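The structure appears below as structure tokens.
Residue numbers (UniProt numbering): 1 to 245.
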């Protein structure tokens with residue numbers, strides 16, 4: 001399935017199978033959109049995105065092009081081939097539901113970040129996981145595409161959400177390096193202000209959604225930007241390629 005487009009409304013969830021060497025482009029339909037994403041190897045879903053290893057191996061505190069998104073086996077699940085933004089949050093995790101408007105994120109290190117937001121991605125992610133025979137034991141730390149957090153510089157290392165980071169039309173493209181199960185939520189970032197009447201909402205007060213665009217992509221060549229980014233990025237790509245040799 002290529003040349004395929006679907007719109008996911010805000011504060012919703014969806015899932016799809018993304019075949020190797022196809023691209024998934026996420027495109028903001030309004031300012032302040034957020035996409036909390038989980039990734040799994042389609043053939044063996046015990047292999048999934050490992051956010052801490054992805055950041056540590058590539059010496060980064062955020063996800064950006066041309067990084068590889070690595071599994072807990074060291075393989076590249078996907079590569080970030082391009083983006084209109086240079087920062088996608090991978091630290092604060094996704095929001096929990098049913099918290100009366102308080103944003104709580106389960107982060108990459110397993111910790112919890114608390115804010116004043118209304119993010120609640122957890123329920124939607126669990127609903128989508130159930131469609132594929134998975135459950136809460138299969139949750140992992142998410143990448144929050146289109147969102148940015150920054151330290152305030154205090155002794156506690158407090159992180160705050162940066163409103164206005166993403167606008168309508170901003171985009172990010174992922175290239176699948178193996179066959180993937182992609183699970184995503186468009187609920188607000190856990191540290192964003194409450195959606196109604198805030199910078200995380202559109203003019204109508206609703207949470208903005210995203211457009212998903214799926215297309216074919218050539219295999220990464222010797223000069224591929226992800227392959228040349230870091231030695232660890234190249235190794236992750238090689239491991240993915242070796243499994244399809």
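All C-beta atoms, glycine included, are put in the ideal place defined by N, C-alpha and C. On a predicted model such as this, the values are computed, not experimentally measured, just so you know.
Does the beta carbon of residue 186 fall short of 7 Å from some heavy atom of the ligand MN?
Ligands are entirely absent from the displayed structure, and the ligand MN is therefore not among its contents.
Decide yes or no for the touch test of the region 34 to 51 against the region 141 to 149: beta carbon pairs closer than 8 Å, at least 3 of them.
Per the Cβ contact rule, the region 34 to 51 is in contact with the region 141 to 149 (3 or more Cβ pairs under 8 Å).
Give me the Cβ distance between residue 62 and residue 96, rounded to the nearest whole Å; I'm assuming they're in contact under 8 Å.
As a first step, residue 62 must be located in the chain shown, where it is residue number 62. As a first step, residue 96 must be located in the chain shown, where it is residue number 96. Contact between residue 62 and residue 96 does not hold, since their C-beta atoms are separated by about 22 Å, which reaches or exceeds 8 Å.
What does the alpha-carbon distance come out to for the pair residue 153 and residue 160?
For the purposes of this step, residue 153 is taken as the residue at position 153 of the chain shown. For the purposes of this step, residue 160 is taken as the residue at position 160 of the chain shown. The alpha-carbon separation between residue 153 and residue 160 amounts to approximately 10 Å.
Would you call residue 6 buried or exposed, if buried means 16 or more other Cβ atoms sit within 10 Å of its Cβ?
In the chain shown, residue 6 corresponds to position 6, counting from 1. Flag for residue 6 reads exposed.
Kindly identify the DSSP beta-bridge partner or partners of residue 269.
Residue 269 cannot be examined here, being either before or after the span of the chain that is shown, 1 to 245.
Any alpha helix (DSSP H) of 4 or more consecutive residues that is wholly inside the region 15 to 74:
The region 15 to 74 contains these whole alpha helix (DSSP H) runs: 51 to 57.
Based on the DSSP secondary-structure assignment, which residues constitute the bridge partners of residue 182?
Looking up residue 182 in the chain shown gives position 182. Per DSSP, 16, 39.
Which residues in the same chain have their Cβ closer than 7 Å to the Cβ of residue 236, if we skip the five residues on either side of it in sequence?
For the purposes of this step, residue 236 is identified with residue 236 of the chain shown, where counting begins at 1. For residue 236, same chain residues with a beta-carbon under 7 Å away, outside a window of 5 residues either side, are 68, 70, 74, 75, 76 in chain order.
To the nearest whole angstrom, what separates the beta carbons of residue 186 and residue 209, a pair I think is in contact under 8 Å?
Reading the chain shown from its first residue, position 186 is the one you call residue 186. Reading the chain shown from its first residue, position 209 is the one you call residue 209. Their Cβ separation, rounded to whole angstroms, is 5 Å, which keeps residue 186 and residue 209 in contact under 8 Å.
Report back the beta-carbon spacing between residue 167 and residue 9 to the nearest angstrom; my notes put them in contact at under 8 Å.
On the chain shown, residue 167 is found 167 positions in, with the first residue counted as 1. On the chain shown, residue 9 is found 9 positions in, with the first residue counted as 1. The beta carbons of residue 167 and residue 9 sit about 18 Å from each other, so the pair does not count as a contact at 8 Å.
Using a Cβ-Cβ cutoff of less than 6 Å, which residues in the same chain neighbour residue 86 once the five nearest sequence positions on both sides are dropped?
Along the chain shown, read from residue 1 onward, the residue named residue 86 stands at position 86. The beta carbon of residue 86 is closer than 6 Å to those of 64 in its chain, skipping five residues each way along the sequence.
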